[in-house]
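Each remark here refers to the structure printed beneath this line.
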Amino acid sequence: MNTAMTLDQIITLYESGELSRDQVTDAFVRLSDEAAAAVEIELSETQRGLWALQKAYPRMAAYNVPLCLRLPAGVDRERFRRACASVLERWPLLGASVVHRQGRLHLSLHRQPGLSLEQRDVSGWSAQQRSTWLRERIEQPFDLDAGPLIRAHWLGDPESGESLFLLVVHHLVIDGGSVSLLLAALHEAYVALGTGAALPAPEGGDGYVSFVEAERARLRGADASRRLSYWRTALSDAPTSLELPLDHPRGATPGFAGRTLRHELPAALGEAVQAWSARHGVYPSTLLLAVYQGLLSRHSGRDDVVVGMALDERDASCAGLVGMFVNMLPVRAQGLGQRSFVEEVQALQRQVVDAMAHSYPFAALVRELGLSGGEAAPLFQAAYLYQDTLDTQALAGVADWTWEEELYQEGEYELVLEVRRRAQGYGLYLKYDPTLWDEATLARWLGH
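Numbering follows UniProt numbering, with no gaps: position 146 of the sequence shown is 146.
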């Protein structure tokens with residue numbers, strides 16, 4: 001063979017008698033040689049920003065993304081572990097570490113021998129004990145320089161036969177658009193390992209290399225100047241802080257603590273959002289952003305509000321890739337309360353479209369416009385995410401694997417409204433810093 005087999009492939013072929021001991025030894029040598037020859041990919045601007053923030057606050061877990069599944073009795077733990085390992089082989093970015101080369105930061109994509117799976121027998125544990133254990137794993141910080149940027153944990157209950165599987169991935173190598181891809185690939189690999197079907201070939205890092213190179217090209221020449229000029233005008237004299245009333249004084253340094261309140265908009269109200277948006281020529285995401293900015297304006301007493309909006313910058317060539325493709329766009333609403341609501345939403349729609357057309361990596365924008373000021377979250381402390389590719393309710397039906405929605409990524413900003421489009425209605429997730437606000441306060445806000 002010209003390329004190394006994975007560890008799981010070696011074990012399977014040896015157990016089936018297709019490899020002799022000498023062939024196994026040779027296969028391990030090839031695997032070791034290939035592992036030593038790591039591929040390196042330069043970090044994108046967003047990744048560089050996340051790396052710098054993690055370095056500045058090494059105990060921070062705000063960019064740990066948890067994916068938790070409840071698995072029924074009968075799911076084979078070893079086959080599931082091997083399915084996880086195959087996903088890591090397919091998208092090696094997940095197992096990367098960050099290295100320094102000639103003053104530049106790169107992801108080092110080592111060939112992974114497998115995925116370590118922490119296992120725990122939880123028979124007799126209460127639901128609270130299990131939740132606490134999972135949250136402790138989510139809140140363990142990653143060492144980006146050591147890698148890998150993924151961890152796997154398994155809670156097994158011999159009495160019921162059910163298990164909880166927790167995957168924690170650093171945001172440096174995953175975004176919201178990657179979650180459905182990753183879980184679908186995990187299910188596909190689990191089925192294939194049970195039927196003997198071929199597993200998808202590893203995708204390497206070529207797709208992400210192209211994405212980073214395209215980003216660097218946008219930061220050069222006349223197009224970069226045009227985009228920067230737009231943002232200089234759009235953010236001229238913009239407020240750099242959002243002075244919302246607090247229940248507790250802000251500390252000297254950010255703590256990156258987080259809690260989440262969830263509210264479901266019923267199907268009828270979801271249909272009303274869709275109908276209103278269509279009637280007035282705006283996106284539903286813009287309508288809900290306008291409501292959010294109106295809420296912030298009302299409670300801050302300001303008519304000039306900047307919110308960070310997440311933008312997925314995948315193009316067609318990256319559609320099937322797991323990675324970090326999100327950029328944060330500062331969306332500014334001025335003169336709030338001085339026009340009709342319809343006019344405000346339509347003006348916001350034009351601004352969102354313009355901002356997307358002039359997208360510029362936020363970390364580079366902060367650097368170019370001198371906006372940092374030593375802040376962990378310069379320019380905006382409130383963010384907005386609209387997810388129409390991740391429906392956890394739909395994922396719940398995959399092979400009886402149930403998504404555990406009560407475990408969230410939390411703490412990245414002081415306030416975040418995440419909207420998830422459902423097959424019917426919307427899920428609203430208001431994430432907040434509990435060192436600044438009490439739950440009752442944010443529950444009232446969400447009720448508005």
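All C-beta atoms, glycine included, are put in the ideal place defined by N, C-alpha and C. As the structure is a prediction and not an experimental result, all values here were calculated from the model.
Can the beta-carbon of residue i be found closer than 9 Å to that of residue j?
{"i": "A310", "j": "A333", "result": "no"}
{"i": "G49", "j": "F380", "result": "no"}
{"i": "S285", "j": "L329", "result": "no"}
{"i": "A383", "j": "G308", "result": "yes"}
{"i": "R90", "j": "L13", "result": "no"}
{"i": "L93", "j": "Y208", "result": "yes"}
{"i": "G205", "j": "V326", "result": "no"}
{"i": "L415", "j": "R262", "result": "no"}
{"i": "D315", "j": "A238", "result": "no"}
{"i": "G370", "j": "F341", "result": "no"}
{"i": "L296", "j": "L228", "result": "no"}
{"i": "L105", "j": "V98", "result": "yes"}
{"i": "L164", "j": "R79", "result": "no"}
{"i": "R151", "j": "K431", "result": "no"}
{"i": "A234", "j": "A355", "result": "yes"}
{"i": "L186", "j": "H153", "result": "no"}
Give the range of the beta strand (DSSP E) segment to which residue i is assigned.
{"i": "V168", "result": "163-170"}
{"i": "D312", "result": "305-312"}
{"i": "L442", "result": "Unbroken run through L442 is the alpha helix (DSSP H), 439-447; no beta strand (DSSP E)."}
{"i": "L117", "result": "117-121"}
{"i": "S277", "result": "Premise fails: S277 lies in the alpha helix (DSSP H), 267-280, not in any beta strand (DSSP E)."}
{"i": "L379", "result": "From DSSP, L379 is part of no beta strand (DSSP E); its letter is neither H nor E."}
{"i": "G427", "result": "426-432"}
{"i": "L71", "result": "64-71"}
In this structure, how does DSSP classify residue i when only helix, strand and coil are distinguished?
{"i": "Y292", "result": "helix"}
{"i": "M328", "result": "strand"}
{"i": "D315", "result": "coil"}
{"i": "T3", "result": "At T3 the pLDDT is 49, less than 50, meaning the model places this residue with poor confidence; the figure from the coordinates comes in the next sentence. Coil at T3, not helix or strand."}
{"i": "I174", "result": "coil"}
{"i": "D238", "result": "This sequence places Ala at residue 238; Asp is not what is there. Three-state DSSP puts A238 in coil, outside helix and strand."}
{"i": "R151", "result": "strand"}
{"i": "P284", "result": "helix"}
{"i": "T25", "result": "helix"}
{"i": "H110", "result": "coil"}
{"i": "V366", "result": "helix"}
{"i": "S97", "result": "strand"}
{"i": "T435", "result": "coil"}
{"i": "V322", "result": "coil"}
{"i": "Y386", "result": "strand"}
{"i": "G397", "result": "Caution applies to G397, whose pLDDT of 49 falls short of 50 and renders its modelled position unreliable; the model cannot decide the point."}
Considering just the uninterrupted stretch of the alpha helix (DSSP H) at residue i, what are its terminal residues?
{"i": "G221", "result": "221-234"}
{"i": "C84", "result": "77-90"}
{"i": "E42", "result": "Note, E42: premise wrong, no alpha helix (DSSP H); beta strand (DSSP E) at 39-42."}
{"i": "G207", "result": "206-218"}
{"i": "V352", "result": "341-357"}
{"i": "L134", "result": "127-138"}
{"i": "E412", "result": "Taken as a continuous stretch (DSSP letters only), E412 belongs to no alpha helix (DSSP H), as it is neither H nor E."}
{"i": "L53", "result": "45-56"}
If residue i sits next to residue j, beta carbons under 8 Å apart, how far is it from one beta carbon to the other, in whole angstroms?
{"i": "E264", "j": "G425", "result": "6 Å"}
{"i": "L407", "j": "L134", "result": "6 Å"}
{"i": "R120", "j": "L155", "result": "5 Å"}
{"i": "V65", "j": "Q409", "result": "5 Å"}
{"i": "G411", "j": "A62", "result": "3 Å"}
{"i": "L436", "j": "H299", "result": "Not quite, the Cβ-Cβ distance comes to about 13 Å (not below 8 Å), so this is no contact."}
{"i": "A73", "j": "G161", "result": "3 Å"}
{"i": "E404", "j": "C68", "result": "4 Å"}
{"i": "R422", "j": "G270", "result": "7 Å"}
{"i": "L149", "j": "L115", "result": "Contact doesn't hold; Cβ gap of about 12 Å is too wide."}
Between residue i and chain B, is the shortest Cβ-Cβ distance under 9 Å, so that the two count as touching?
{"i": "I11", "result": "The chain inventory of the structure shown lacks chain B, comprising one protein chain alone."}
Pair every Cβ in the stretch 202-214 with every Cβ in the stretch 42-56, then say whether three or more of these pairs are closer than 8 Å. Yes: the two stretches touch, three or more of their Cβ pairs being nearer than 8 Å.
How do the stretch 167-178 and the stretch 129-149 stand: do at least 3 beta-carbon pairs fall below 8 Å, yes or no? Contact between the stretch 167-178 and the stretch 129-149 is present, because at least three Cβ pairs lie under 8 Å.
Using a Cβ distance threshold of 8 Å, determine whether the stretch 348-358 contacts the stretch 285-298, with at least three qualifying pairs required. Here the stretch 348-358 lies against the stretch 285-298, with 3 or more beta-carbon pairs under 8 Å apart.
How do the stretch 185-192 and the stretch 72-83 stand: do at least 3 beta-carbon pairs fall below 8 Å, yes or no? yes
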